[in-house]
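Colleague:
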Amino acid sequence: MIEALSYDFVQNALIAGVLVSIASGIIGSLIVVNRMVFLAGGIAHTAYGGIGLAVFLGIPIFLGASLFAVVAALIIAFITLHHRNRMDTFIGLMWAIGMALGVVFIDLTPGYSVDLMSYLFGSILAVSQEDIYYMGGLLVAIMIIMTFWYRDILAVSYDSEYATLRGINVPFFYMLILILSALTIVVAIKVVGLILVIALLTIPVYIAERLSTTLAKMMILSGIFSSFFTLCGLWFSYRFDIASGASIILVSAGSLFIFLLLNRLRLV
Amino acid sequence: MSIIAINNLSFAYGKQKILENIHLCVEEKDFLAIIGPNGGGKSTLLKLILGINPVQEGTIRTFGEKPTKNLSKIGYVPQNTNVNTDFPIKVIEVVLMGHIGTKRPLFGYAKEEIMCAMGALAQVGMEQFAEHKIGNLSGGQRQRVMIARALCAHPQILILDEPTASIDIDGQKQIYELLQLLNKTITILVVSHDISVILNYANKVVHINKRLTEHTLTLQEKTKAHFCEVELFNDIKRVGQL
Chain A
1 MIEALSYDFV QNALIAGVLV SIASGIIGSL IVVNRMVFLA GGIAHTAYGG IGLAVFLGIP
61 IFLGASLFAV VAALIIAFIT LHHRNRMDTF IGLMWAIGMA LGVVFIDLTP GYSVDLMSYL
121 FGSILAVSQE DIYYMGGLLV AIMIIMTFWY RDILAVSYDS EYATLRGINV PFFYMLILIL
181 SALTIVVAIK VVGLILVIAL LTIPVYIAER LSTTLAKMMI LSGIFSSFFT LCGLWFSYRF
241 DIASGASIIL VSAGSLFIFL LLNRLRLV
Chain B
1 MSIIAINNLS FAYGKQKILE NIHLCVEEKD FLAIIGPNGG GKSTLLKLIL GINPVQEGTI
61 RTFGEKPTKN LSKIGYVPQN TNVNTDFPIK VIEVVLMGHI GTKRPLFGYA KEEIMCAMGA
121 LAQVGMEQFA EHKIGNLSGG QRQRVMIARA LCAHPQILIL DEPTASIDID GQKQIYELLQ
181 LLNKTITILV VSHDISVILN YANKVVHINK RLTEHTLTLQ EKTKAHFCEV ELFNDIKRVG
241 QL
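Chains as they are written, first to last, in the numbering used here: chain A, 1 to 268; chain B, 1 to 242.
The structure is reproduced here in structure tokens:
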């Protein structure tokens with residue numbers, strides 16, 4: 001293990017894992033308390049269309065995926081505010097169309113056979129220096145936004161009708177939460193892949209929710225749990241030579257079961 | 001000036017008329033109860049008064065102006081405070097949401113805001129629960145916290161939508177006694193189907209089922225309240241049979 005730490009790509013993987021874990025702890029908390037998990041799934045799969053487009057045009061993957069994810073987030077925000085009762089239908093549509101577009105774009109790219117699996121299940125060992133800057137920048141932006149607008153985001157998440165009556169611009173904050181979710185999902189895809197991203201955004205968060213009296217505490221605990229699961233998952237991945245994304249999720253799920261068991265036995 | 005003045009108000013969702021020709025005045029220090037069957041338009045009327053639904057026909061004036069102008073003078077306690085009990089939030093944070101945010105600092109809450117929120121919690125007798133998670137309280141305690149949230153902005157009128165819907169009998173009595181106490185300084189408007197309880201506290205009762213029927217209860221009339229109650233029950237039963 002020690003000798004592995006001297007490799008650049010292992011160091012990058014560890015840094016990226018922690019950065020993404022903290023970001024997904026904060027944003028995952030917002031997704032869970034706002035009951036947006038299915039929306040996050042829709043955004044993650046729509047983002048695959050952006051990955052395909054980026055490969056086709058030869059632009060950075062993060063750029064293409066972020067573009068698609070943010071547009072998906074804006075469409076979802078619009079549907080939620082105007083056609084809430086048909087939301088599941090529209091999200092299902094976007095989910096499928098995004099994936100289909102991604103597959104077609106990659107087929108159309110001449111002479112390039114991209115490894116689809118690396119986007120479905122993550123490729124944390126292929127994180128570059130630029131990726132880390134992007135992840136770090138996003139985390140800083142999330143922290144600044146959460147610090148200044150915490151009370152508004154809390155009010156909108158807890159009781160949006162009341163927040164409206166107190167003069168808070170609810171559609172703006174709802175859109176902000178969705179856009180931050182979209183950007184976080186894109187970086188989380190790099191770590192665990194788009195199939196598993198929902199697990200990373202919900203499992204540590206669920207445990208944290210049970211242990212928290214405030215949203216802020218839930219976000220911090222989620223970040224800590226998520227980082228721990230990611231680092232453990234990476235170690236298992238290295239030790240037993242298994243896929244890192246799946247390994248991280250199984251560590252998280254195993255921990256969740258242990259937590260629920262202890263909870264049932266009233267030990268936590 | 002009336003606190004709320006409603007003139008010739010009608011409202012429809014699509015083609016379905018919900019409210020028709022409503023006239024209603026709420027004066028200072030009134031304790032007004034709005035009763036009526038489910039789907040009779042009570043909650044819709046509240047949403048119109050709060051400016052959540054736009055006025056289609058007729059006029060509503062709160063403090064002499066359009067409903068959206070004076071929201072800071074209105075304290076609102078919504079229905080269903082039992083949803084979302086998993087949400088990790090402390091009682092004090094819920095109450096702090098009641099502030100309109102004029103004194104807000106760059107981040108977090110101002111000292112005055114916290115003092116004010118604690119004061120509102122003391123008013124409803126819940127100050128010792130400030131640091132508790134809201135989901136761990138009973139239905140009645142949670143409802144009192146919601147009243148504190150509404151009191152936080154020092155409103156001149158308190159509007160409550162079915163405040164005792166999911167609370168046990170003791171809790172209901174406590175809520176109404178609290179409202180009676182608050183009524184010494186502010187106007188109260190309660191929507192409820194809980195006729196028997198409300199008649200002991202309200203000074204004005206209106207019955208809404210698309211149209212509005214007024215029952216003013218003076219002290220002498222309160223002795224006749226039982227008769228009134230029976231009549232209203234019959235109204236509701238009739239609607240039920242239709």
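All C-beta atoms, glycine included, are put in the ideal place defined by N, C-alpha and C. Model, not experiment: these values are computed from the prediction.
1. Looking only at its own chain, which residues have a Cβ that is under 7 Å from the Cβ of Ala5 of chain B, when we skip the five neighbours before and after it?
2. Say yes only if the C-beta of Ala165 of chain B is nearer than 7 Å to one or more non-hydrogen atoms of the ligand NAD, and no if none qualify.
3. Between the Cα of Lys66 of chain B and the Cα atoms of B:Gln16, B:Gly140 and B:Gly51, which residue gives the shortest distance?
4. Flag this pair as yes or no: are the beta carbons of Ile106 of chain A and Gly52 of chain A separated by less than 8 Å?
5. By the 8 Å beta-carbon criterion, what residues does the stretch 3-33 of chain A contribute toward chain B?
6. Which of the residues in the stretch 91-116 of chain B, read from start to end, lie with their CB under 9 Å from any CB of chain A?
7. With distances taken between CB atoms, is the gap from Glu21 of chain B to Asn38 of chain B smaller than 8 Å?
8. Answer yes or no: do Ala150 of chain B and Val77 of chain B have a C-beta to C-beta separation smaller than 8 Å?
9. Check the Cβ of Met218 of chain A against every Cβ in chain B and list those closer than 7 Å, keeping chain order.
10. Give the interface partners of Glu130 of chain A over in chain B, defined as CB-CB distance under 7 Å, in chain order.
11. Using the beta-carbon of each residue, which ones in chain B are nearer than 7 Å to Tyr48 of chain A?
12. Under a CB-based cut-off of 8 Å, is Tyr119 of chain A close to chain B?
13. Within 10 angstroms of its Cβ, does Tyr158 of chain A collect 16 or more other Cβ (buried), or is it exposed?
14. Applying a beta-carbon distance threshold of less than 9 Å, which residues of chain A neighbour Leu137 of chain B?
15. DSSP on Tyr162 of chain A, reduced to helix/strand/coil?
16. In chain order, what residues of the stretch 54-78 of chain B put their CB closer than 7 Å to some CB of chain A?
17. Please state whether DSSP places Gly92 of chain A in a helix, a strand or coil.
18. Near Ile249 of chain A, what residues of its chain come up, given a Cβ to Cβ distance below 8 Å and the 5 sequence neighbours on each side ignored?
19. Identify the contact partners of Leu50 of chain B in chain A, using a Cβ-Cβ distance below 7 Å as the criterion.
20. What runs of the alpha helix (DSSP H), each 4 residues or longer, lie entirely inside the stretch 162-196 of chain A?
21. Could one say the Cβ of Leu242 of chain B lies closer than 8 Å to chain A's Cβ atoms, at least one of them?
22. Candidates B:Asp170, B:Glu113, B:Ile147 and B:Arg211: which alpha carbon is nearest Val190 of chain B's?
Modeller: Once the coordinates are examined:
1. Residue 5 of chain B sits at position 5 when you count from the first residue of the second sequence. Closer than 7 Å at the Cβ level, and outside the excluded window around Ala5 of chain B, lie Cys25 and Arg61.
2. Inclusion of the ligand NAD in the displayed structure is not the case, the ligand content being empty and no account of it being possible.
3. To locate residue 66 of chain B, count along the second sequence from 1; it is residue 66. It is B:Gly51.
4. Position 106 of the first sequence, counted from the first residue, corresponds to residue 106 of chain A. Position 52 of the first sequence, counted from the first residue, corresponds to residue 52 of chain A. Taking 8 Å as the Cβ cut-off, Ile106 of chain A and Gly52 of chain A qualify as a contacting pair.
5. Answer set for the stretch 3-33 of chain A: Val33.
6. From the stretch 91-116 of chain B, only Glu93, Val94, Leu96, Met97, Gly98, His99, Ile100, Gly101, Arg104, Leu106, Phe107, Gly108 and Tyr109 have a Cβ closer than 9 Å to chain A.
7. The residue given as residue 21 of chain B occupies position 21 in the second sequence. The residue given as residue 38 of chain B occupies position 38 in the second sequence. The question names Glu, but residue 21 of chain B in the sequence shown is Asn. Taking C-beta atoms as the reference points, Asn21 of chain B and Asn38 of chain B fail to come closer than 8 Å.
8. Mapped onto the second sequence, residue 150 of chain B falls at position 150. Mapped onto the second sequence, residue 77 of chain B falls at position 77. Closer than 8 Å, so yes.
9. Counted from its first residue, the first sequence places residue 218 of chain A at position 218. By Cβ distance, chain B contributes Pro88.
10. Along the first sequence, one-based indexing puts residue 130 of chain A at 130. Annotation: Glu130 of chain A has no Cβ neighbours in chain B at a cutoff of 7 Å; minimum Cβ distance is about 31 Å.
11. The residue you call residue 48 of chain A lines up with position 48 of the first sequence. Correct list: empty, because the minimum Cβ distance to chain B is about 31 Å.
12. Along the first sequence, one-based indexing puts residue 119 of chain A at 119. Chain B places no beta carbon closer than 8 Å to that of Tyr119 of chain A, leaving this residue out of the contacts.
13. Start at 1 with the first residue of the first sequence, and residue 158 of chain A comes out as number 158. By the 10 Å Cβ count, Tyr158 of chain A comes out buried.
14. For this step, residue 137 of chain B is matched to residue 137 along the second sequence. Simply none; closest approach about 12 Å.
15. Stepping through the first sequence from its first residue, residue 162 of chain A is reached at position 162. Three-state DSSP puts Tyr162 of chain A in a helix.
16. Answer set for the stretch 54-78 of chain B: Leu71, Tyr76 and Pro78.
17. Within the first sequence, the letter at position 92 stands for residue 92 of chain A. Here Gly92 of chain A sits in helix by DSSP.
18. If you number the first sequence from 1, residue 249 of chain A lands on position 249. Hits under 8 Å: Val192, Leu196, Ala199, Leu200, Ile203 and Gly233.
19. Counting from 1 along the second sequence, the entry for residue 50 of chain B is found at position 50. Per Cβ cutoff of 7 Å: Leu165.
20. For the stretch 162-196 of chain A, whole alpha helix (DSSP H) runs of length 4 or above, ordered along the chain, are 170-192.
21. The residue given as residue 242 of chain B occupies position 242 in the second sequence. Any reading at Leu242 of chain B must be qualified, since the residue scores a pLDDT of 46, below 50, and its modelled position is unreliable; the value itself is stated next. Judged by the 8 Å Cβ criterion, Leu242 of chain B is not in contact with chain A.
22. Here residue 190 of chain B is taken as the residue at index 190 of the second sequence, counted from 1. In this structure, B:Ile147 is the residue among B:Asp170, B:Glu113, B:Ile147 and B:Arg211 with its C-alpha nearest to the C-alpha of Val190 of chain B.
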